[in-house]
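What follows is a short report on a single structure.
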Amino acid sequence: MPPCASTAPASRGSDPGENARTTLLAGGHSQARPVSLLRSGLLPAALTLGGLFLFPWLAHTGPGFWGAGVCHRIVERSFSISGQTLPLCARCTGIYLAFFSTAVMGGRRRPAAFPPPGILLFLLLFLVLAGLDGLNSYLAFFPTLPHLYEPNNVLRLLTGALGGIALAGFLLPALHLTLWETPRGVSPIPNLGALGQTLLVVGGLALPALWPGGPFLYLVASLSLAGLFLAMGLVNTLPIAVLLRRAGRVTRWGEAATLFAWGTFLAMLELAALSWLRYRLTGDFSYSTAALSP
Numbered sequence: 058m059p060p061c062a063s064t065a066p067a068s069r070g071s072d073p074g075e076n077a078r079t080t081l082l083a084g085g086h087s088q089a090r091p092v093s094l095l096r097s098g099l100l101p102a103a104l105t106l107g108g109l110f111l112f113p114w115l116a117h118t119g120p121g122f123w124g125a126g127v128c129h130r131i132v133e134r135s136f137s138i139s140g141q142t143l144p145l146c147a148r149c150t151g152i153y154l155a156f157f158s159t160a161v162m163g164g165r166r167r168p169a170a171f172p173p174p175g176i177l178l179f180l181l182l183f184l185v186l187a188g189l190d191g192l193n194s195y196l197a198f199f200p201t202l203p204h205l206y207e208p209n210n211v212l213r214l215l216t217g218a219l220g221g222i223a224l225a226g227f228l229l230p231a232l233h234l235t236l237w238e239t240p241r242g243v244s245p246i247p248n249l250g251a252l253g254q255t256l257l258v259v260g261g262l263a264l265p266a267l268w269p270g271g272p273f274l275y276l277v278a279s280l281s282l283a284g285l286f287l288a289m290g291l292v293n294t295l296p297i298a299v300l301l302r303r304a305g306r307v308t309r310w311g312e313a314a315t316l317f318a319w320g321t322f323l324a325m326l327e328l329a330a331l332s333w334l335r336y337r338l339t340g341d342f343s344y345s346t347a348a349l350s351p
């Protein structure tokens, strides 16, 4: 008697393209871990590291190249060391130095909860103070316009630092809440004690900038640039996660780091493009109010 033919439907051939897409984007164990994406994380990191030195060299300038696209870099409103203006103006130095410090201190526990109401009020106050000092400084730029007080780089640095703390307090929870499959209900600044510690650390890093020509300015300049790349890299990470369908599905720090690596690489390209555009429009990467003098 001939064997009965199997009534089970024939299995369909696997689609290589679909398998690759599943490996890259899906969540789970064998199929869900984005192995290809994690392995490619070294590529954007290497490209970013190389670009950090290549672009300023091609532009025949220094680290100020990276700040020129997002900061006015007015010489009189910036700190300098050995006759060289820092990459960012005094206010932007404070903003990104504080952002970097706050992110390092408060971002290690995957904070996906916004600060409690009392802390939020302080952060909003910090933003208001930074905005008011910025507006007053802008008005003082025009001799015919009234302003409340004479601005100076000390106030620019300190109010900028307050603004940087506030920005980190809002951005970090938004990022972690969007990325992680199981976000944690912790805040980057959970209480007044944590806020006080953040203020002490930021103040300890920012105040050396007030020492004219001091060697600590090299550290201040490096940390402020790191904060700039960190902030823009985190902002870019969100749309990249959405594009790769990883928003709300990340389960490991390795995958989050890879998404951030691509975000930072994109930030480098954005900063380079903005700096190049500024140079094309103005012919320089910095500016001095002395150029307005008759």
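In my numbering, the protein residues as written are 58 to 351. No residue lacks a Cβ here, since even glycine has one placed at the ideal position from N, Cα and C. Remember, predicted model here, so these are calculated numbers, not experimental data.
Supposed contact pair residue j and residue i - C-beta distance, whole angstroms, cut 8 Å
i, j, result
"residue 155", "residue 221", "3 Å"
"residue 150", "residue 217", "7 Å"
"residue 144", "residue 278", "6 Å"
"residue 129", "residue 344", "6 Å"
"residue 127", "residue 331", "6 Å"
"residue 288", "residue 153", "6 Å"
"residue 210", "residue 134", "6 Å"
Test item: CB-CB of residue i and residue j under 7 Å
i, j, result
"residue 147", "residue 214", "yes"
"residue 132", "residue 118", "no"
"residue 104", "residue 322", "yes"
"residue 193", "residue 208", "yes"
"residue 258", "residue 170", "no"
"residue 219", "residue 187", "yes"
"residue 270", "residue 138", "yes"
"residue 98", "residue 172", "no"
"residue 319", "residue 113", "no"
"residue 266", "residue 136", "yes"
"residue 35", "residue 342", "With the chain represented from 58 up to 351, any question about residue 35 goes unanswered, as that position is not in the structure."
"residue 245", "residue 256", "no"
"residue 184", "residue 223", "yes"
"residue 123", "residue 328", "yes"
Extent of the continuous alpha helix (DSSP H) run through residue i
i, result
"residue 149", "147-163"
"residue 181", "174-197"
"residue 114", "99-115"
"residue 129", "Neither: residue 129 is in no alpha helix (DSSP H) and is coded neither H nor E."
"residue 262", "249-263"
"residue 230", "210-236"
"residue 266", "Where residue 266 is concerned, there is no enclosing alpha helix (DSSP H), given that its DSSP letter is neither H nor E."
"residue 313", "310-339"
As assigned by DSSP and simplified to three states, the class of residue i
i, result
"residue 243", "coil"
"residue 294", "helix"
"residue 89", "Unreliable positioning characterises residue 89 in this predicted model, as indicated by a pLDDT of 47, which lies under 50. The coordinate reading is nonetheless provided below. Coil."
"residue 118", "coil"
"residue 207", "coil"
"residue 142", "strand"
"residue 345", "coil"
- Flag this pair as touching only if the region 157-166 and the region 176-196 have three or more C-beta atom pairs under 8 Å; answer yes or no. no
- Query: Does the pairing of the region 237-250 with the region 270-290 give three or more beta-carbon distances under 8 Å?
  - Reply: no
- Message: Pairs of beta-carbons, one from the region 305-317 and one from the region 224-238, closer than 8 Å: are there three or more?
- Response: yes
- For the region 118-128 and the region 245-258, state whether three or more C-beta atom pairs, one from each stretch, are separated by less than 8 Å. no
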